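Peer 1:
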Amino acid sequence: MLMVESLQTGRPGLEIRPLALPRPTRREVVRRAQRILTVLGRNLGPELKGRDRGASRLRLARGLRAAFEELEATFVKLGQLIASAPSLFGDELSAEFRSCLDAGPPILPAQLRRAIELEFGRPLESVFSELEPEPLAAASLAVVHRGRLDDGRLVAVKVIRPGVRRTVASDLAVMRPLFAFAGRVIAIGIAAELSDVLDGLEEQIAEELDLRNEAASMWWFRDVFGEMGLPRVHIPEPIPGLCGRRVLTMELLDGVPIDDQQGIARLGVDPKPLMQEAVQAFFATALCAGAFHGDIHAGNLMITTEGRIGLLDWGIVGRLDAHTRLFFRRIVEGSLGDDSAWTDVASYLKDQFGEQMRIELGLDDDQMVSMAKASIEPLLARPFGELDLTTLVGGPSELNLSQHDGSIRAKYQHWRMSQKLQREFRARDGAGNNFDRGMFLLAKQLVYLERYGKMYLPDVPLLWDEQVFRGLLARPVEHPCNTEVVADPAP
0 MLMVESLQTG
10 RPGLEIRPLA
20 LPRPTRREVV
30 RRAQRILTVL
40 GRNLGPELKG
50 RDRGASRLRL
60 ARGLRAAFEE
70 LEATFVKLGQ
80 LIASAPSLFG
90 DELSAEFRSC
100 LDAGPPILPA
110 QLRRAIELEF
120 GRPLESVFSE
130 LEPEPLAAAS
140 LAVVHRGRLD
150 DGRLVAVKVI
160 RPGVRRTVAS
170 DLAVMRPLFA
180 FAGRVIAIGI
190 AAELSDVLDG
200 LEEQIAEELD
210 LRNEAASMWW
220 FRDVFGEMGL
230 PRVHIPEPIP
240 GLCGRRVLTM
250 ELLDGVPIDD
260 QQGIARLGVD
270 PKPLMQEAVQ
280 AFFATALCAG
290 AFHGDIHAGN
300 LMITTEGRIG
310 LLDWGIVGRL
320 DAHTRLFFRR
330 IVEGSLGDDS
340 AWTDVASYLK
350 DQFGEQMRIE
360 LGLDDDQMVS
370 MAKASIEPLL
380 ARPFGELDLT
390 TLVGGPSELN
400 LSQHDGSIRA
410 KYQHWRMSQK
420 LQREFRARDG
430 AGNNFDRGMF
440 LLAKQLVYLE
450 RYGKMYLPDV
460 PLLWDEQVFR
470 GLLARPVEHP
480 CNTEVVADPA
490 P
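All the letters of the sequence shown, read from the start, carry residue numbers 0 to 490 under numbering that gives the first Met the number 0.
1. What residue range does the alpha helix (DSSP H) around Thr287 cover?
2. What are the boundary residues of the beta strand (DSSP E) that includes Gly254?
3. Distance check for Asp90 and Arg422, CA to CA, integer angstroms please.
4. Near Ile263, what residues of its chain come up, given a Cβ to Cβ distance below 7 Å and the 5 sequence neighbours on each side ignored?
5. Using the rule of at least 16 other Cβ atoms within 10 Å of the residue's Cβ for burial, across every protein chain shown, is Asp101 buried or exposed?
6. Going by DSSP, what residues sit across from Ile302 in a beta bridge?
7. Determine which residues share a DSSP beta bridge with Ile159 and list them.
8. Helix, strand or coil: which one does DSSP assign to Phe291?
9. Using DSSP with H/G/I as helix, E/B as strand and the rest coil, what is Ile234?
10. Using 8 Å for Cβ pairs, my map puts Met227 next to Pro237. What's the rounded Cβ distance?
11. Kindly indicate the opening and closing residues of the alpha helix (DSSP H) around Gly78.
12. Compute the Euclidean distance between the alpha carbons of Phe96 and Asp365, then round it to the nearest angstrom.
13. State the beta-bridge partners of Leu247 as determined by DSSP.
14. Is there contact between the stretch 106 to 113 and the stretch 142 to 159, where contact requires at least three CB pairs shorter than 8 Å?
15. Decide if Arg415 is buried, meaning its Cβ has at least 16 other Cβ atoms within 10 Å, or exposed.
16. Please report the straight-line C-alpha distance between Gly62 and Pro45, rounded to a whole angstrom.
17. With DSSP collapsed to three states, give me the class of Thr151.
18. Quick one: using the 10 Å Cβ neighbour count with 16 as the cut-off for buried, is Gln466 buried or exposed?
19. Pull up the distance between the alpha-carbon of Val75 and that of Cys99, whole angstroms please.
20. Touch check for the stretch 273 to 283 and the stretch 162 to 182: three-plus C-beta pairs under 8 Å?
21. Roughly how many angstroms lie between the CA atoms of Met217 and Ala72, to the nearest whole one?
22. From the DSSP output, which residues share a beta bridge with Arg58?
23. Is the CB-CB distance between Val344 and Ala371 below 7 Å?
24. Rounding to the nearest angstrom, what Cα-Cα distance links Asp312 and Leu140 in this structure?
25. On the three-state DSSP scale, how would you describe Pro460?
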């Protein structure tokens with residue numbers, strides 16, 4: 000069993016207060032179910048009658064994505080999960096759903112005005128001197144508009160979509176029995192995890208629906224990055240007095256997405272040191288705080304005109320429990336040369352997956368330690384250009400045993416483990432639950448960092464400077480995040 004660190008900073012932990020979703024009425028659930036069936040039937044019905052299986056699979060993926068985008072809200076959030084996890088859902092399906100990362104219609108100007116006036120209790124014109132009618136960004140749960148304050152400052156104004164809480168609640172009421180049925184009947188692969196996936200999705204949405212959580216995260220991480228001496232990592236500043244549950248007003252950053260290489264070249268900014276500082280910032284908060292930005296896709300990572308790297312959209316914050324945080328720390332310590340760390344890493348894997356994991360793999364305790372080291376250490380030591388972290392999103396069962404033992408027997412055992420353990424360990428009152436939201440988000444961000452590293456740091460390893468990362472490990476840890484679900488009767 001891993002021991003948890005006790006040395007902590009005096010900074011209070013980040014407060015996250017998810018909103019309790021309303022209980023939908025029977026009528027709301029029935030109406031939403033009818034809407035879902037209608038949209039799915041219109042987009043998938045013709046393809047289900049097709050005879051060409053290969054072509055039909057691609058058309059089905061397109062039809063399913065189109066249906067999810069039309070249904071909006073929870074379905075777009077689920078589509079984003081599919082897009083971000085090819086090892087769970089398959090490369091073809093994930094590629095088709097990538098448009099869900101940015102998809103979302105605008106909201107009507109009258110709805111925008113009403114949401115802002117309801118939040119602040121005064122006319123829109125007394126809050127903003129200007130508010131552009133066309134959104135800068137439109138996502139599944141919220142839209143972002145450019146605005147201006149009376150003092151002339153440009154701001155980004157994020158507004159929760161009207162009625163989305165009740166829509167999400169109805170969606171979950173429809174999805175939950177269907178996902179539970181699929182998990183019981185199919186019981187392998189991602190189907191066995193659908194209920195857990197939905198639980199994680201509900202938890203995430205409940206946090207995102209209260210924009211006060213995002214404002215709190217921005218203030219907290221700004222403080223942490225400032226204290227850690229990371230001046231080139233820029234989190235927009237929330238505007239005091241103009242942040243509420245439905246509306247978040249923040250500093251507007253000007254720049255281009257991290258993957259827009261031509262745009263960055265036009266800015267005349269060298270992205271390499273900025274990318275290195277972004278990697279350092281990610282590891283700093285994950286190692287020392289057990290918390291990190293949980294959605295650093297290219298739309299949320301920006302090279303600014305002033306030569307900094309901007310981190311946008313703090314609605315999703317990944318959090319690791321104490322033991323998982325220490326597991327991550329021990330992986331980094333082991334990769335920096337502390338061989339004793341791999342014993343703890345192997346112990347964590349056994350704690351999570353039970354003794355049956357070792358038995359299925361046919362390994363003794365020493366071999367388990369060797370397997371953990373041989374599977375994980377190269378991932379952090381290789382240059383970005385040689386990395387392939389996509390299997391991390393599939394969880395610990397995706398450990399690459401070929402690094403340890405290239406025999407056919409070892410690969411066959413690995414295959415058997417990945418198929419059987421998903422069913423066997425789910426019966427352990429939560430032990431061996433393959434969908435851990437914190438670990439999933441951590442692995443997902445590492446995959447994003449790998450992509451950007453390949454673009455700008457192909458010859459640099461993930462842990463490029465031993466002194467920098469040893470310094471992070473030597474820092475006191477932050478107090479853990481506090482999460483408390485709160486009821487809110489507002490729609």
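Note that CB positions come from ideal geometry on N, CA and C, so glycine has one too. Here the structure is a predicted model, which is why all the values come from computation and not from measurement.
Peer 2: Walking through what the data contain:
1. Checking the displayed sequence, the identity of residue 287 turns out to be Cys instead of Thr. Its alpha helix (DSSP H) spans residues 270 to 287.
2. 254 to 256
3. Note that Arg422 scores a pLDDT of 43, beneath 50, so its modelled location is shaky and nothing firm can be said.
4. Val255, Pro270, Ile302
5. exposed
6. Val255, Ile308
7. Ala141
8. strand
9. coil
10. Met227 to Pro237, Cβ: 20 Å. No contact.
11. 72 to 83
12. 42 Å
13. Lys157, Cys242
14. yes
15. Low per-residue confidence applies at Arg415: pLDDT is 45, beneath 50, and the placement is therefore not dependable enough to give any value.
16. 9 Å
17. It is worth fixing the name first, because residue 151 is Gly in this sequence and not Thr. In this structure, Gly151 counts as coil in the three-state DSSP scheme.
18. exposed
19. 6 Å
20. no
21. 24 Å
22. Partner(s): none; Arg58 has no beta bridge.
23. yes
24. 12 Å
25. strand
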